[in-house]
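Top line first, the protein sequences correspond to chains A and B.
Residue 1 is where the first sequence starts when you use UniProt numbering, and the numbers rise one by one after that.
Residue 1 is where the second sequence starts when you use UniProt numbering, and the numbers rise one by one after that.
Where a beta carbon is used, it is the ideal one built from N, C-alpha and C, also for glycine.
The structure displayed is predicted, hence computed values, not measured ones.
Protein chains: 2
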Amino acid sequence: MSENVPSSWLDSPTWRPVARARAHELVIEAIEDQILSGALKVGDPLPAERELAARLQVSRAGVREAIRVLEGQGVLRSSVGAGAEAGTFIASFSGEALTRFLRLHIALSNFQLADVIDARVMLERSSAIFAAENLNDESVAGIRDPLNRMNSEAISREEFNDADTAFHVAIAEASGNRLVADLTIAIRASLRAPILEAFRQLNDWSPVVTMLREQHQAIFDAIIAGDGKLAADLTEHHIRAASGALPALHSPGE
Amino acid sequence: MSENVPSSWLDSPTWRPVARARAHELVIEAIEDQILSGALKVGDPLPAERELAARLQVSRAGVREAIRVLEGQGVLRSSVGAGAEAGTFIASFSGEALTRFLRLHIALSNFQLADVIDARVMLERSSAIFAAENLNDESVAGIRDPLNRMNSEAISREEFNDADTAFHVAIAEASGNRLVADLTIAIRASLRAPILEAFRQLNDWSPVVTMLREQHQAIFDAIIAGDGKLAADLTEHHIRAASGALPALHSPGE
DNA sequence: GGTCATTCAGTGGTCAGACCACTAAAAGGT
DNA sequence: ACCTTTTAGTGGTCTGACCACTGAATGACC
Numbered sequence: 001m002s003e004n005v006p007s008s009w010l011d012s013p014t015w016r017p018v019a020r021a022r023a024h025e026l027v028i029e030a031i032e033d034q035i036l037s038g039a040l041k042v043g044d045p046l047p048a049e050r051e052l053a054a055r056l057q058v059s060r061a062g063v064r065e066a067i068r069v070l071e072g073q074g075v076l077r078s079s080v081g082a083g084a085e086a087g088t089f090i091a092s093f094s095g096e097a098l099t100r101f102l103r104l105h106i107a108l109s110n111f112q113l114a115d116v117i118d119a120r121v122m123l124e125r126s127s128a129i130f131a132a133e134n135l136n137d138e139s140v141a142g143i144r145d146p147l148n149r150m151n152s153e154a155i156s157r158e159e160f161n162d163a164d165t166a167f168h169v170a171i172a173e174a175s176g177n178r179l180v181a182d183l184t185i186a187i188r189a190s191l192r193a194p195i196l197e198a199f200r201q202l203n204d205w206s207p208v209v210t211m212l213r214e215q216h217q218a219i220f221d222a223i224i225a226g227d228g229k230l231a232a233d234l235t236e237h238h239i240r241a242a243s244g245a246l247p248a249l250h251s252p253g254e
Numbered sequence: 001m002s003e004n005v006p007s008s009w010l011d012s013p014t015w016r017p018v019a020r021a022r023a024h025e026l027v028i029e030a031i032e033d034q035i036l037s038g039a040l041k042v043g044d045p046l047p048a049e050r051e052l053a054a055r056l057q058v059s060r061a062g063v064r065e066a067i068r069v070l071e072g073q074g075v076l077r078s079s080v081g082a083g084a085e086a087g088t089f090i091a092s093f094s095g096e097a098l099t100r101f102l103r104l105h106i107a108l109s110n111f112q113l114a115d116v117i118d119a120r121v122m123l124e125r126s127s128a129i130f131a132a133e134n135l136n137d138e139s140v141a142g143i144r145d146p147l148n149r150m151n152s153e154a155i156s157r158e159e160f161n162d163a164d165t166a167f168h169v170a171i172a173e174a175s176g177n178r179l180v181a182d183l184t185i186a187i188r189a190s191l192r193a194p195i196l197e198a199f200r201q202l203n204d205w206s207p208v209v210t211m212l213r214e215q216h217q218a219i220f221d222a223i224i225a226g227d228g229k230l231a232a233d234l235t236e237h238h239i240r241a242a243s244g245a246l247p248a249l250h251s252p253g254e
């Protein structure tokens with residue numbers, strides 16, 4: 001049969017591999033199209049799995065796999081049961097997707113810790129500037145509360161770490177930029193375990209915590225005074241000093 | 001039977017709802033633990049799906065759903081076949097997860113466009129500063145190439161947009177921070193379709209493209225001159241001017 | 001008509017098994 | 001040793017059965 005086919009036809013650059021689309025990717029695409037076109041909004045239900053499988057002419061397993069992916073991206077959520085609350089819905093939001101993404105890729109050395117810290121510096125400098133410009137009573141209280149918690153004498157290392165995170169997150173949220181806040185939260189959350197472990201490996205953490213407390217207070221004072229530039233500089237200095245005070249953060253188990 | 005139970009016992013705060021763990025989430029957690037502990041690195045194979053299902057005592061479907069989620073996060077990749085290249089592996093990296101994440105959440109109005117643009121300003125200011133500080137022949141060529149492509153007279157709107165993106169991405173990559181570069185790429189990619197559509201809705205795009213070309217050239221010149229502060233300011237001005245020149249970007253179909 | 005208990009129907013969650021496409025490795029023939 | 005065929009193991013897909021959940025519907029009683 002090959003003698004009937006001119007070789008120039010076979011060698012023509014119009015022949016390209018045909019990507020074989022996986023069933024679940026087709027379903028993801030279909031759902032994504034509905035979202036991008038505006039047909040699906042936060043809170044809207046999707047058709048039932050069996051219904052969607054019939055409509056898209058794939059198996060229910062393929063639909064489920066697609067839904068899992070989009071659940072993993074914080075886009076969908078599913079509930080068992082009957083009635084209006086049962087089924088799969090467009091989710092309101094969850095930052096867990098970003099957090100897991102960063103956590104895994106940091107662990108896989110796809111992002112270097114130094115790059116993550118630099119990115120953090122950049123994000124939080126910006127947050128500090130905007131927070132200082134956009135202060136209101138609510139955001140001040142939101143920042144002051146974790147600051148006070150960190151100053152409690154009876155605080156454990158874990159509680160301190162979480163209050164420390166809450167302090168930084170409150171500043172990011174005070175900046176008014178949701179994306180920046182979520183990136184800040186995700187980066188901090190992705191580093192929670194390594195930071196905590198580095199804290200644990202400090203024999204005496206009191207000089208470190210004293211330093212952190214002073215630096216947090218100075219940042220807070222600068223933000224309250226509306227001095228965004230100073231707050232940004234103090235924030236950068238603080239992040240780098242904190243990072244430097246935790247040697248185990250940089251060489252966990254190599 | 002209820003008369004035998006002290007009500008203070010039932011009301012005790014130690015009673016909490018027991019979260020019912022979904023099979024695929026258990027599998028994700030097991031894989032994640034292997035990654036976080038360092039047992040799995042980029043390029044490593046996972047056990048076969050059937051094997052993993054047996055080991056974790058869940059069904060193969062549960063394993064597949066977990067793998068899909070992690071594929072969606074750019075963490076895993078799978079190949080059909082036999083031999084050393086068959087099976088599921090830790091992936092080297094793909095930015096598609098971030099891009100899709102942003103694209104969907106922007107479409108769902110979970111992130112406001114203004115916040116995304118501000119985040120972009122912040123990222124690209126930082127990139128411009130670091131690029132200006134860390135110049136080498138390769139990064140200069142990487143930035144100059146898309147710049148030259150944009151200045152071609154025969155360029156289509158789509159090609160211009162993609163070269164524009166490549167220009168910004170090259171600067172982010174020249175900054176040397178992988179996470180910042182990937183965030184920049186993801187944000188730009190997530191906005192590709194809306195930007196392109198806004199471009200299409202311009203009756204006469206030549207004044208806009210002239211402006212963009214001039215601004216790109218000025219940014220390039222500032223980076224080459226090693227003036228990071230100027231490059232950052234020009235970048236911010238450029239991003240905001242470009243955004244302002246595309247009215248349809250801000251009211252797509254409301 | 002209102003209330004309560006039971007049943008039903010539809011939802012997602014899970015599993016097992018069958019079969020397919022792919023692909024390197026193994027086996028068999030020359 | 002080389003080539004062809006077969007094999008074995010991989011992920012991809014589908015089907016069907018069953019489970020847990022949960023509001024809605026139905027039926028019984030007052």
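CA-to-CA distance, residue j to residue i, given in whole angstroms
i	j	result
residue 213(B)	residue 151(B)	7 Å
residue 1(B)	residue 80(A)	Confidence in residue 1(B) is poor, its pLDDT being 34 and thus under 50, which makes the residue's placement unreliable; the coordinate value appears in the next sentence. Whole-angstrom Cα-Cα distance: 30 Å.
residue 103(A)	residue 32(B)	9 Å
residue 44(B)	residue 73(B)	17 Å
residue 199(B)	residue 168(A)	38 Å
residue 205(A)	residue 92(A)	40 Å
residue 69(B)	residue 56(B)	17 Å
residue 177(B)	residue 183(B)	10 Å
residue 179(A)	residue 247(A)	30 Å
residue 236(A)	residue 209(A)	17 Å
residue 48(B)	residue 78(A)	28 Å
residue 89(B)	residue 115(B)	36 Å
residue 191(A)	residue 99(A)	9 Å
residue 196(A)	residue 251(B)	45 Å
residue 37(B)	residue 120(A)	24 Å
residue 76(B)	residue 153(A)	44 Å
residue 226(B)	residue 146(B)	20 Å
residue 175(A)	residue 134(A)	7 Å
residue 82(A)	residue 159(A)	40 Å
residue 94(A)	residue 109(B)	13 Å
residue 60(B)	residue 84(B)	21 Å
residue 207(A)	residue 140(A)	27 Å
residue 249(B)	residue 202(A)	51 Å
residue 107(B)	residue 161(A)	34 Å
residue 87(B)	residue 30(B)	18 Å
residue 50(B)	residue 42(B)	22 Å
residue 155(B)	residue 54(B)	56 Å
residue 242(A)	residue 138(A)	27 Å
residue 9(A)	residue 136(B)	In this prediction, residue 9(A) scores a pLDDT of 41, lower than 50, which makes its location untrustworthy; no coordinate-derived value is stated.
First through last residue of the beta strand (DSSP E) which encompasses residue i
i	result
residue 78(B)	76-79
Nearest neighbour of residue i, chosen from the options [CA to CA]
i	options	result
residue 127(A)	229(A), 249(A), 241(A) and 21(A)	229(A)
residue 165(A)	193(A), 138(A) and 153(A)	193(A)
residue 132(B)	224(B), 242(B) and 25(B)	224(B)
residue 25(A)	71(B), 189(B), 243(B) and 107(B)	71(B)
residue 189(A)	101(A), 54(A), 138(A) and 242(A)	101(A)
residue 240(A)	138(A), 136(A) and 113(A)	113(A)
Residues of its chain near residue i, where Cβ-Cβ distance is below 7 Å and the 5 sequence neighbours each way are ignored
i	result
residue 34(A)	40
residue 232(B)	125, 128 and 129
Residue i, enclosing alpha helix (DSSP H) - first and last residue
i	result
residue 35(B)	23-36
residue 90(A)	Not the alpha helix (DSSP H): residue 90(A) falls in the beta strand (DSSP E), residues 87-90.
residue 49(B)	49-56
residue 155(A)	Premise fails: residue 155(A) is in no alpha helix (DSSP H) and is neither H nor E.
residue 101(A)	96-107
residue 70(B)	60-72
residue 84(B)	It is not in any alpha helix (DSSP H) - residue 84(B) carries neither H nor E in the DSSP assignment.
Proximity below 8 Å, CB of residue i to CB of residue j
i	j	result
residue 66(B)	residue 117(B)	no
residue 215(B)	residue 238(B)	yes
residue 142(B)	residue 173(B)	yes
residue 23(A)	residue 58(A)	yes
residue 149(A)	residue 163(A)	yes
residue 211(B)	residue 170(B)	no
Same chain only: Cβ atoms within 8 Å of residue i, ignoring 5 sequence neighbours per side
i	result
residue 234(B)	128, 215, 218, 219 and 222
residue 52(A)	27, 46 and 63
residue 12(A)	Per-residue confidence for residue 12(A) stands at a pLDDT of 46, beneath the threshold of 50, marking its modelled position as unreliable; the derived number appears in the next sentence. There are no such residues.
residue 123(A)	172, 180, 183, 184 and 187
Cut-off 6 Å between Cβ atoms - residues of its own chain near residue i, not counting five sequence neighbours on either side
i	result
residue 157(A)	199
residue 111(A)	105
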